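>
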Amino acid sequence: MSKKQNISGHLNQEDVNKVNSIGSFFPAVPKLDNLRRSEENFRQNQYKAELCDVLNTYGTGMALTMQMDRTIANRVGHPSHMSPSYLMDDILTGRIHTFGFEDYLNLPHHNEQIRNPHFEMENSHK
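So in the working numbering, the last one in the sequence shown is 165, and the numbering has no gaps at all.
1) Ordered along the chain, which non-local residues of its own chain (more than five positions away) have a Cβ less than 8 Å from that of Q106?
2) Return the CA-CA distance between N155 and I130, expressed in angstroms with no decimal places.
3) In the DSSP assignment, the alpha helix (DSSP H) including T99 goes from what residue to what residue?
4) Check the C-beta distance from A88 over to L94 and give it rounded, since I have them as a contact under 8 Å.
5) Taking only three categories from DSSP, how would you classify F158?
6) Answer with buried or exposed for T99, where buried requires no fewer than 16 other C-beta atoms within 10 angstroms of its C-beta.
7) Just mark N96 as buried or exposed, buried being the case when its beta carbon has 16 or more other beta carbons within 10 Å.
8) Counting only the same chain and skipping the five closest in sequence on each side, list residues whose C-beta sits under 7 Å from that of D128.
9) Classify H136 as helix, strand or coil using the three-state DSSP reduction.
10) Just to confirm, is the Cβ distance from N132 to Y86 under 9 Å?
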């Protein structure tokens with residue numbers, strides 16, 4: 040075991056700092072995931088700020104109604120063999136006119152589709 044590694048075999052903090060200053064060992068895929076998470080947090084924080092503005096301007100009643108409508112829109116189910124659509128949530132939050140990560144990189148043909156098992160069994164016996 041070298042001096043650079045601790046007992047568990049991991050790099051020391053000094054080596055981690057060197058790696059971070061030179062570059063990263065991580066592949067590009069986690070960076071893309073970090074970009075998606077950052078975008079989700081931005082939208083969530085932006086919505087919370089807008090909700091606080093509504094609360095301060097119009098009072099509790101309107102803010103509660105807006106939040107309740109959004110909760111109901113997010114709880115609407117979809118069949119298991121179809122990809123989910125958050126159109127109602129996008130309309131309620133005003134994101135219908137913006138383009139984000141999910142509009143370009145979260146395409147349905149890139150996602151693994153789970154087909155309806157009942158439908159598949161009926162088609163296999165025809």
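Ideal Cβ positions, reconstructed from N, Cα and C, are used throughout, including at glycine.
Note that the structure is predicted; figures quoted are calculated from it, not measured.
On the basis of the data shown:
1) L90
2) 28 Å
3) T99 to R114
4) The Cβ separation is near 11 Å, so there is no contact.
5) helix
6) exposed
7) Sequence check: residue 96 is Thr here, not Asn. T96 comes out exposed.
8) R109, A112 and N113
9) helix
10) The sequence shown places Thr at residue 132, rather than the Asn named in the question. Yes, they are a contact pair.
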